[in-house]
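Written below as structure tokens is the structure these notes are about.
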Amino acid sequence: MANNYTITSFSTSTEKINDSISAGNMVTTGALTITPNQGYVISAANFSTSNLPSSISSVTFADTSSAGQVGNTVIATATFASDFVINSANGLVGNKLNISIDIDGSAEIFQEQVSYNVDIFDQQDDINNIVTVDNNDQVGEQELDTILSSRGIPTNTGASLSYTSQANQTMSTSKSENGLVRVLNITGKVLKNVSTKIGSVSVIASDDYYFAAKPYIINTNYSRSVITLLQTSVTRDSNNLITTYNFDIYVKSSQNITSALKIKSNIVYKTIPKPIVKTTKEITRVTFGTDTVSSLGETRVIKVYGDEGAEFDLTVTKDTTGDSILSSTNANSTIFDSTVASLDSFNKKLIKYTSTNSSYCTFGQKFPAYNSNILSSTLNGAKSSATSITIDGSTTNVKIGDRVIMEEIPNTSIIKVVKVDSAHVVTVDTAITAPDEASIIFSRPEKYHINIYPKDGTTLSSSIPEDKPHFTINQYSNPVLKLTISETDSDFSVTSPSPTTVTYTGRPQASSKRLKDIPSIKRRFSLSYTLTASSGGLRAVGSSTGTPTWSSTDSTASSWSNSVYADNGGTHIEISNIVVSAIGGGQTTATITADVDIIKWGTEDVTMDLNLDNLIEAV
């Protein structure tokens with residue numbers, strides 16, 4: 046095999062037969078010159094010997110100039126053995142000494158080297174500026190903070206960089222430069238146009254941080270191929286989050302890179318805080334659909350979300366009685382609460398479902414049909430314009446806000462309980478006149494309460510209300526709208542239509558648009574009243590034209606009572622095109638017509654009465 050070099054013979058020396066090393070009358074060494082062929086270079090380190098003859102004790106190799114560079118030769122110096130004698134036994138043939146030495150080695154094709162000079166900066170991804178410095182940097186902490194603050198750059202605590210240099214490369218930390226913090230400078234020589242490893246770097250996330258993505262390097266003044274990173278390994282924590290990236294740094298250049306034109310590179314990374322490890326399990330939310338159930342009753346799906354293993358008891362109770370409405374299938378436990386004593390409960394420990402990657406449980410809950418009557422009783426004693434009334438039986442289930450319904454109470458009036466005085470006495474907000482033993486009903490819109498009780502190290506998240514009831518579902522009867530017309534002075538009568546009360550039934554909290562497919566629920570209708578004077582003719586009262594006015598927002602601007610939907614339980618109607626036929630001149634009859642649009646139904650029955658006392662009179 047061609048070695049691509051030549052070796053000269055021993056240098057010439059004149060000696061006598063039988064001269065010897067021991068006598069000290071001959072040279073002790075001989076030199077050989079190894080010269081590379083054209084286009085090749087050699088280095089002393091690449092040469093060695095094997096199987097030395099007995100006449101030679103050792104051979105050393107030395108470069109005459111720079112190893113591996115053009116012009117360098119290698120001198121092989123052979124040292125004679127201490128018992129060497131010049132004679133035929135040791136290779137003397139005629140007047141020449143022949144000694145063979147086996148030299149192993151090779152020349153290499155000459156590859157030009159180039160110098161490089163690179164600055165590496167530490168740069169956080171989301172602010173595109175340098176934000177950390179090694180403790181060994183020449184920039185002090187206070188100076189660094191000043192520099193970064195002046196540029197509006199917050200100091201990053203998300204990661205740090207650790208470097209290791211390759212042999213024959215020079216590495217040093219440095220200082221701030223143009224407001225950026227240079228953490229490393231590396232210089233040296235590499236083969237021209239050959240990607241060469243010059244060092245290693247570890248990007249290490251700070252405590253409680255991890256990497257959102259793999260760090261990378263960008264070169265601000267050279268092409269991206271001049272300096273590159275090759276990932277070698279990563280370190281992960283117990284939650285499999287990457288906390289360290291390890292890279293080898295490579296340089297490839299076709300020219301010498303001087304300090305004046307040094308490479309400027311940024312190692313860019315982005316760290317984010319590690320997720321907080323919960324020490325307790327948590328119930329995060331409870332869903333059950335809308336907060337209103339049908340008056341006919343319905344089944345709702347109740348879903349409880351939280352951490353895997355979170356355990357709880359859940360109750361569903363009826364507001365009017367405080368009783369549980371959990372079915373026997375769902376009621377698998379009992380909860381004790383200071384306010385409700387013992388209640389049936391649904392007990393469950395959450396499990397995680399791989400299909401949704403979330404922990405929850407779900408069950409169906411049936412809500413019964415609506416029954417508004419809390420108590421049916423009779424008066425104990427006649428009442429005359431009294432607000433304090435006594436009933437036969439107990440008022441235990443009666444609450445403030447309950448509505449009082451009696452035959453003696455006009456349907457235009459809504460009277461409510463304002464105080465429960467004793468076991469048989471309540472106070473109402475409007476005086477009542479009724480005989481002894483008159484029937485009386487207390488009614489109330491129904492509500493259902495959902496409460497959740499964490500247990501065994503489980504807590505409730507802030508999204509769940511602190512106070513009980515945690516969640517409330519309302520149930521209303523279908524609201525009834527009544528439009529009536531009245532006149533207290535008996536100057537005239539309303540002879541048509543008969544009866545004069547117009548009644549329609551809707552759905553709680555539903556817009557007419559939503560109910561458009563139910564034919565029995567009106568969205569628009571007309572009113573028409575015929576007035577007949579008792580004696581004489583009809584005329585407008587005072588300066589009035591006799592024409593009613595309407596407002597759904599201002600009670601003082603409306604001729605109808607309970608017209609303001611914000612105050613009547615939410616029933617919003619609009620009355621328009623109000624027309625009164627010509628009155629006066631002795632006319633004994635008149636008509637009132639109008640159009641009614643139902644915008645939205647409320648949650649309570651409401652009567653809107655048109656009182657004509659201040660509009661029309663008979664003379």
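In our numbering, the protein residues as written are 46 to 664.
Yeah, the Cβ is synthetic: ideal placement off N, Cα and C, and Gly gets one too.
To the nearest angstrom, how far is the alpha carbon of residue i from that of residue j?
i    : j    : result
R196 : A611 : With a pLDDT of 47 at R196, under the threshold of 50, the modelled position of that residue is not reliable, and the figure given next carries that caveat. About 56 Å.
V338 : T344 : 9 Å
N285 : G614 : 57 Å
K465 : S422 : Checking the displayed sequence, the identity of residue 465 turns out to be Val instead of Lys. Distance between the alpha carbons of V465 and S422: 15 Å.
P564 : T550 : 12 Å
F412 : A635 : 51 Å
D389 : N377 : 7 Å
I243 : G233 : 8 Å
V239 : T124 : 40 Å
Y398 : Q554 : 37 Å
L225 : V313 : With a pLDDT of only 48 at L225, under the threshold of 50, the placement of this residue in the model should not be trusted, and no figure is reported.
S484 : G351 : 51 Å
G185 : P260 : With a pLDDT of 37 at G185, under the threshold of 50, the modelled position of that residue is not reliable, and no figure is offered here.
E649 : M451 : 17 Å
D64  : A107 : 28 Å
S207 : Q214 : 16 Å
A476 : R489 : 20 Å
N656 : I436 : 33 Å
G438 : V322 : 58 Å
A431 : I460 : 12 Å
N375 : N523 : 29 Å
P98  : F129 : 11 Å
A355 : K513 : 20 Å
T109 : D293 : 34 Å
G581 : T546 : 26 Å
A90  : A212 : 16 Å
V463 : P455 : 19 Å
I566 : S507 : 42 Å
A663 : D640 : 26 Å
S251 : R281 : 13 Å
I205 : F391 : Here residue 205 turns out to be Ser, not Ile, going by the sequence shown. Each residue's alpha carbon lies about 52 Å from the other.
Hey, residue i and residue j are a contact pair by Cβ (cut 8 Å); roughly how many whole angstroms apart?
i    : j    : result
S319 : Y254 : For the record, residue 319 in the displayed sequence is Lys; it is not Ser. Confirmed, Cβ separation roughly 6 Å.
N442 : L420 : 6 Å
D147 : S95  : 5 Å
I101 : I131 : Contact flag wrong, Cβ pair sits at about 14 Å.
S247 : T289 : 6 Å
L660 : S589 : 6 Å
S340 : Y415 : 4 Å
How about residue i: is its C-beta nearer than 8 Å to some C-beta of chain D?
i    : result
T232 : Here chain D cannot be found, since the structure has a single protein chain.
If you drop the 5 nearest sequence neighbours on each side, which residues of the same chain put their C-beta closer than 6 Å to that of residue i?
i    : result
S93  : D149
F55  : G75
P81  : Y50, I87 and A152
T638 : S573 and V624
N301 : V159 and S160
Within a Cβ cutoff of 8 Å, which residues of the same chain sit near residue i, ignoring the five residues on either side of it in sequence?
i    : result
Y85  : N49, Y50, A152, E153, I154 and F155
T78  : I52, T53, T118, V119, I120 and A121
T407 : V346, I347, K348 and V349
T478 : K428, S429, S430, A431 and E453
S538 : E532, L576, T577 and S579
S417 : S488, R489, P490, E491 and S522
A468 : S439, T440 and T441
Only counting the same chain, and skipping five residues up and downstream in sequence, which positions put a Cβ closer than 7 Å to that of residue i?
i    : result
S603 : T594, W595 and S596
K307 : N162, V163 and D164
S608 : W595, S596, S597, S600 and M653
S387 : T379 and F381
D474 : I460, K461 and V463
D481 : L424, G426 and A427
Is residue i near the ligand NAD, going by C-beta to nearest heavy atom under 7 Å?
i    : result
N213 : Absence of the ligand NAD is noted for the structure shown, with no ligands found whatsoever.
Exercise. In the region 306-366, which residue ranges form an unbroken beta strand (DSSP E) of at least 3 residues, counting only runs that do not cross its ends?
Worked result: 308-314, 316-318, 326-332, 343-351 and 356-363
Exercise. Quick one: any contact between the region 511-525 and the region 322-334, if contact means 3 or more CB pairs under 8 Å?
Worked result: yes
For this session: Would you check if the region 133-140 and the region 271-280 touch, i.e. whether three or more CB-CB distances between them fall below 8 Å?
Result: no
For this session: Decide if the region 617-629 is in contact with the region 576-585; the criterion is three or more beta carbon pairs, one per stretch, under 8 Å apart.
Result: yes
Problem set entry | Meets three-Cβ-pair contact criterion under 8 Å: the region 483-499 and the region 356-364 | yes
For this session: Starting from the N-terminal side, write out each stretch of the beta strand (DSSP E) that is 3 residues or longer and does not extend beyond the region 404-441.
Result: 418-423 and 428-435
Problem set entry | Within the region 58-102, ranges of the beta strand (DSSP E) (whole runs, at least 3 residues) | 74-81
For this session: Go through the region 597-654 residue by residue and report every complete run of the alpha helix (DSSP H) that reaches 4 residues or more, in order.
Result: none
Exercise. Taking three-plus beta-carbon pairs below 8 Å as touching, is the region 532-539 in contact with the region 498-517?
Worked result: no
For this session: Counting only runs of 3+ residues fully inside the region 219-298, write out the beta strand (DSSP E) ranges in chain order.
Result: 225-236, 241-250, 254-256, 261-264, 272-281 and 287-296
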